[in-house]
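A.B. asks:
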Amino acid sequence: MSSARLDRLERDLRAARTSYDRVTASADAWQQNQRRLAATRGRRNRWWLGTAAALVAVALVGGAATLSGRGPASGPPAGGGDDPFSTQYLLGEPVELERVTIDGEPTVHEAALSDMTGQGPNLCDRFVSASSEAGGCTTRESTADDPKVAFDWLSGTEGGGDIRGVLAGVDSRAAAVRIWMSNGNATAARLHPGGWDGTRLFALTVPASGPRPQRLVATGRDGNVLQAVDLPARFGDQWLAPSSACAGNRVAERVPDGDVLPNAYIALGTSDARISIRAAADDTTNACLELRPTAVAGAYVAGSLAVIVLAPEVERVEITDGGTVLRELVPTRVTGSPWALVEDIDKRRSPDAEIVAYDRHGLELDREFMRQRPSP
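Numbering (our numbering), first residue to last: 494 to 869.
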C-alpha cells in the first residue's frame with residue numbers, strides 16, 4: 494500500500510474515533526510559580542513541583558537551548574494530586590527531549606503521555622536535575638481526532654518573558670516537523686516515541702532575546718503537509734518580539750530592480766507587510782498589509798501588479814479564474830523572515846481571480862480571492 498493511501502487510511506480511522514474527555518488541572522497548582530513560568534493562554538494546564546527563580550544566561554546553539562535556572566524542589570503542587578509520572582499512569586516510558594542547564598546544573602527535559610483518570614492521555618513534561626524537579630501537563634486537543642489536526646498536544650511556555658518554549662505531540666501520520674524561526678531559519682524537530690497510538694513528542698526551548706519559534710509544520714511520509722500552526726496566532730501577539738514593518742520596524746525586505754516597471758518594494762514585519770508598488774515613473778501606491786496565519790497570508794493589488802505573501806510551507810501557487818489556471822508561480826524566500834513572496838503581473842486581471850497555494854506534492858493548502866484589500 495502506498496504512503497499516500499496509508500495516510501488517508503489513518504486519517505479516516507482517526508476521524509471515526511470517539512474523542513476523549515478532557516482533564517482540567519486545579520487553578521491552585523499555579524501558586525508555586527506563576528510569578529515566573531507562565532503557560533501561554535488557553536492551551537496548557539500547568540502544575541509545578543518546584544519554585545521558580547530568575548532566568549539567566551540563556552544561550553541558543555544550533556537549534557538547541559541552554560536554560561538557567563529554577564530553584565530547589567518544594568514538594569507536591571499546592572492543589573495536591575498525584576504525580577503523573579508515576580508508573581501506574583504512564584502510557585510509555587519518559588523520553589528525553591532536551592538537555593538544559595539550570596542554576597549551573599545539568600538538567601534533563603523529559604516528557605511522557607500520562608492517563609491519571611482513565612479518560613485519555615495528557616502530555617506531561619518535567620525538568621530534572623540533581624537538586625530540583627519542575628514540570629506540568631498539557632491536555633489533548635479537543636479536535637485531535639480531526640484529520641486536519643496533526644498536533645494532538647501543543648503548548649507554549651514563557652519564563653518571565655525570558656524564554657520561549659514549545660512542547661508538542663504529533664499523531665502517527667507525522668513523519669517530520671519543521672520549526673520555522675522568526676528570522677527565517679528552520680530546524681527539524683527531534684521526534685521521540687510517545688508510547689501511545691504511534692504518537693511522537695518534541696520540545697524546543699530558546700531565549701526570547703534571539704529568534705523565536707514562529708510556525709510549526711507537520712508533514713507526512715511523502716512530505717505532504719498535514720498541519721501548520723502559526724504560534725503568535727495560537728499563543729498571542731507577544732509570543733514574538735513585535736516588529737511592525739508598517740511602523741518602520743521591518744525584519745526583512747525585498748528591494749526591486751528600479752529599472753523594471755511595474756515593481757514593488759516589500760518590507761516584512763512579524764505580522765504585517767509594507768508594500769510600495771511603482772507602476773510608472775510618477776505613479777507609486779503604498780499600503781500596509783496585515784498578515785493572516787493562513788498559507789495565503791495576504792495579497793495587495795495595484796494596477797497590473799499583485800504582491801502575494803505566503804507561509805513557508807507553500808511550494809507552488811496557481812492564479813485561477815473560474816476554475817481555469819492562468820499562471821503557475823514559485824514563491825521566493827526572503828532572508829530574515831519565514832514569509833515568502835510571489836509577484837503576479839496581469840494587465841487584464843479578473844475581479845474573480847483566485848490565489849491557490851499548494852505544498853510540494855500538489856495538495857491544496859489554501860485559496861483566497863486576489864481582490865482582498867490591505868489596511869490604509
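No residue lacks a Cβ here, since even glycine has one placed at the ideal position from N, Cα and C. All values reported here derive from a predicted model rather than from experimental measurement.
Should the stretch 810-821 be called in touch with the stretch 838-852, which here means at least 3 C-beta pairs below 8 Å?
C.D. replies: yes
A.B. asks: According to DSSP, is Asp-859 helix, strand or coil?
C.D. replies: Residue mapping note: residue 859 aligns to position 366 of the sequence shown, counting from 1. In this structure, Asp-859 counts as strand in the three-state DSSP scheme.
A.B. asks: Can you pull the DSSP bridge partners for Ala-627?
C.D. replies: Residue 627 sits at position 134 when you count from the first residue of the sequence shown. Note: Ala-627 sits in a beta bridge opposite Phe-620.
A.B. asks: Who does His-854 pair with in a DSSP beta bridge?
C.D. replies: Walking along the sequence shown from the start, residue 854 turns up at place 361. In the DSSP output, where bridge partners are listed per residue, His-854 has none listed.
A.B. asks: According to DSSP, what are the bridge partners of Tyr-793?
C.D. replies: Residue mapping note: residue 793 aligns to position 300 of the sequence shown, counting from 1. In DSSP, Tyr-793 forms a bridge with Val-800.
A.B. asks: Pull up the distance between the alpha-carbon of Ala-833 and that of Leu-709, whole angstroms please.
C.D. replies: Along the sequence shown, read from residue 1 onward, the residue named residue 833 stands at position 340. Along the sequence shown, read from residue 1 onward, the residue named residue 709 stands at position 216. Approximately 15 Å between the Cα atoms of the pair.
A.B. asks: Going by the DSSP bridge assignment, what does Gln-720 pair with across the sheet?
C.D. replies: Taking the first residue of the sequence shown as position 1, residue 720 is located at position 227. According to DSSP, which records beta bridges pairwise, Gln-720 is partnered with Ala-711.
A.B. asks: Whole angstroms is fine: what's the gap from Val-670's alpha carbon to Glu-808's?
C.D. replies: Position 177 of the sequence shown, counting from 1, holds the residue named residue 670. Position 315 of the sequence shown, counting from 1, holds the residue named residue 808. Cα to Cα, Val-670 sits roughly 16 Å from Glu-808.
A.B. asks: Tell me the DSSP secondary structure of Pro-704 in three-state form.
C.D. replies: Against the sequence shown, residue 704 aligns to sequence position 211. Coil at Pro-704, not helix or strand.
A.B. asks: When DSSP labels each residue in this structure, what does Ala-682 get in the three-state scheme?
C.D. replies: Walking along the sequence shown from the start, residue 682 turns up at place 189. Residue state, collapsed to three classes: coil.
A.B. asks: Whole-angstrom Cβ separation of Leu-590 and Ala-604, contact assumed at under 8 Å?
C.D. replies: Residue 590 sits at position 97 when you count from the first residue of the sequence shown. Residue 604 sits at position 111 when you count from the first residue of the sequence shown. The pair is a contact, with the Cβ atoms about 5 Å apart (cut-off 8 Å).
A.B. asks: Using the rule of at least 16 other Cβ atoms within 10 Å of the residue's Cβ for burial, across every protein chain shown, is Thr-632 buried or exposed?
C.D. replies: Locating residue 632 in the sequence shown gives position 139, counting from the first residue. It is buried - the Cβ of Thr-632 has at least 16 other Cβ atoms within 10 Å.
A.B. asks: Hey, how far is the Cα of Gly-654 from the Cα of Glu-821?
C.D. replies: Residue numbering aside, residue 654 sits at position 161 when the sequence shown is read from its first letter. Residue numbering aside, residue 821 sits at position 328 when the sequence shown is read from its first letter. Between Gly-654 and Glu-821, the C-alpha separation is close to 43 Å.
A.B. asks: Does the Cβ-Cβ distance between Arg-785 and Trp-732 come in under 8 Å?
C.D. replies: Against the sequence shown, residue 785 aligns to sequence position 292. Against the sequence shown, residue 732 aligns to sequence position 239. For Arg-785 and Trp-732, no; Cβs fall outside 8 Å.
A.B. asks: Sorted by chain position, which residues of the same chain lie with C-beta nearer than 6 Å to Leu-684's C-beta, five sequence neighbours on each side aside?
C.D. replies: As a first step, residue 684 is located in the sequence shown; it is residue number 191 there, counting from the start. Only Arg-693, Phe-695 meet the Cβ criterion.
A.B. asks: When you compare each of Ile-801, Val-835, Leu-584 to Gly-691 by their alpha carbons, which one comes out closest?
C.D. replies: By one-based count along the sequence shown, residue 691 stands at place 198. Nearest of Ile-801, Val-835, Leu-584 to Gly-691, Cα basis: Leu-584.
A.B. asks: Can you tell me whether Ala-643 is helix, strand or coil according to DSSP?
C.D. replies: To locate residue 643, count along the sequence shown from 1; it is residue 150. Residue state, collapsed to three classes: coil.
A.B. asks: How is Trp-490 classed by DSSP in three states: helix, strand or coil?
C.D. replies: Residue 490 lies beyond the residue range present for the chain, which begins at 494 and ends at 869; the question has no answer from this structure.
A.B. asks: Taking just the CA atoms, how far does Ala-681 sit from Ala-668?
C.D. replies: Numbered from 1 along the sequence shown, position 175 holds the residue referred to as residue 668. Numbered from 1 along the sequence shown, position 188 holds the residue referred to as residue 681. Across the structure, Ala-668 and Ala-681 are spaced so that their CA atoms are roughly 11 Å apart.
A.B. asks: Write down every uninterrupted run of the beta strand (DSSP E) in the stretch 741-823 whose length is 3 residues or greater and which is fully enclosed by it, in chain order.
C.D. replies: 745-747, 756-761, 765-773, 776-783, 789-795, 798-803, 809-814, 817-822
A.B. asks: Kindly give me the distance between the Cβ atoms of Glu-857 and Ala-792, rounded to whole angstroms, as I take these residues to be in contact under 8 Å.
C.D. replies: As a position in the sequence shown, residue 857 is number 364, starting the count at 1. As a position in the sequence shown, residue 792 is number 299, starting the count at 1. Not a contact, Cβ separation roughly 17 Å.
A.B. asks: Using a Cβ-Cβ cutoff of less than 7 Å, which residues in the same chain neighbour Asp-645 once the five nearest sequence positions on both sides are dropped?
C.D. replies: Residue mapping note: residue 645 aligns to position 152 of the sequence shown, counting from 1. Hits under 7 Å: Arg-633, Glu-634, Ala-637, Gly-662, Val-663, Asp-664, Thr-692.
A.B. asks: For Glu-598, which option in Arg-714, Ser-625, Pro-587, Val-810 has the closest C-alpha, if you only look at C-alpha atoms?
C.D. replies: Within the sequence shown, residue 598 is the residue found at index 105, counting from 1. Minimum Cα distance to Glu-598 is reached at Ser-625.
A.B. asks: In terms of alpha-carbon separation, which member of Ala-701, Trp-689, Gln-707, Pro-686 lies closest to Ala-679?
C.D. replies: Along the sequence shown, one-based indexing puts residue 679 at 186. Taking only the C-alpha atoms, the option nearest Ala-679 is Gln-707.
A.B. asks: Would you mind giving the Cβ-Cβ distance between Leu-803 and Val-810, rounded to the nearest angstrom? I have them listed as a contact below 8 Å.
C.D. replies: For this step, residue 803 is matched to residue 310 along the sequence shown. For this step, residue 810 is matched to residue 317 along the sequence shown. The Cβ separation is near 7 Å, so the contact holds.
A.B. asks: Helix, strand or coil, according to DSSP, for Pro-735 in the structure here?
C.D. replies: Taking the first residue of the sequence shown as 1, we reach residue 735 at position 242. Coil, per DSSP.
A.B. asks: Output the distance between the C-alpha atoms of Phe-578 and Ala-790, rounded to the nearest integer angstrom.
C.D. replies: In the sequence shown, counting from the first residue as 1, residue 578 sits at position 85. In the sequence shown, counting from the first residue as 1, residue 790 sits at position 297. If you draw a straight line from the Cα of Phe-578 to the Cα of Ala-790, it is about 41 Å long.
A.B. asks: With a Cβ-Cβ cutoff of 8 Å, do Ile-768 and Val-744 count as a contact?
C.D. replies: To locate residue 768, count along the sequence shown from 1; it is residue 275. To locate residue 744, count along the sequence shown from 1; it is residue 251. No, Cβ-Cβ distance for Ile-768 and Val-744 is not below 8 Å.
A.B. asks: Do Gly-649 and Val-659 have their C-beta atoms closer together than 8 Å?
C.D. replies: The residue you call residue 649 lines up with position 156 of the sequence shown. The residue you call residue 659 lines up with position 166 of the sequence shown. Cβ atoms of Gly-649 and Val-659: closer than 8 Å.
A.B. asks: Within this structure, are the beta carbons of Ala-738 and Leu-761 separated by less than 8 Å?
C.D. replies: For the purposes of this step, residue 738 is taken as residue 245 along the sequence shown, with counting starting at 1. For the purposes of this step, residue 761 is taken as residue 268 along the sequence shown, with counting starting at 1. A contact, by the Cβ cut-off of 8 Å.
A.B. asks: Apart from the five residues on each side of it in sequence, which residues of its chain come closer than 6 Å, Cβ to Cβ, to Pro-824?
C.D. replies: Taking the first residue of the sequence shown as 1, we reach residue 824 at position 331. Setting aside the 5 residues that flank it on each side, Pro-824 is surrounded in the same chain by Leu-803, Val-807, Ala-833, Val-835, each with a C-beta closer than 6 Å to its C-beta; the list follows chain order.
A.B. asks: Is Gly-562 helix, strand or coil by DSSP?
C.D. replies: Counting from one through the sequence shown, the residue named residue 562 turns up at place 69. Bear in mind that a pLDDT of 26 at Gly-562, under 50, signals an unreliable position, so the model cannot answer this.
A.B. asks: Please name the residue or residues paired with Val-849 in a DSSP beta bridge.
C.D. replies: By one-based count along the sequence shown, residue 849 stands at place 356. DSSP, once it has assigned bridges, lists Glu-811, Arg-860 as partnering Val-849.
A.B. asks: For Leu-719 and Arg-666, I'd like the C-alpha separation in whole angstroms.
C.D. replies: Counted from its first residue, the sequence shown places residue 719 at position 226. Counted from its first residue, the sequence shown places residue 666 at position 173. Roughly 8 Å between the two C-alpha positions.
A.B. asks: Can you give the Cα-Cα distance for Ala-766 and Ile-672, rounded to whole angstroms?
C.D. replies: Mapped onto the sequence shown, residue 766 falls at position 273. Mapped onto the sequence shown, residue 672 falls at position 179. Cα-Cα distance, rounded: 22 Å.
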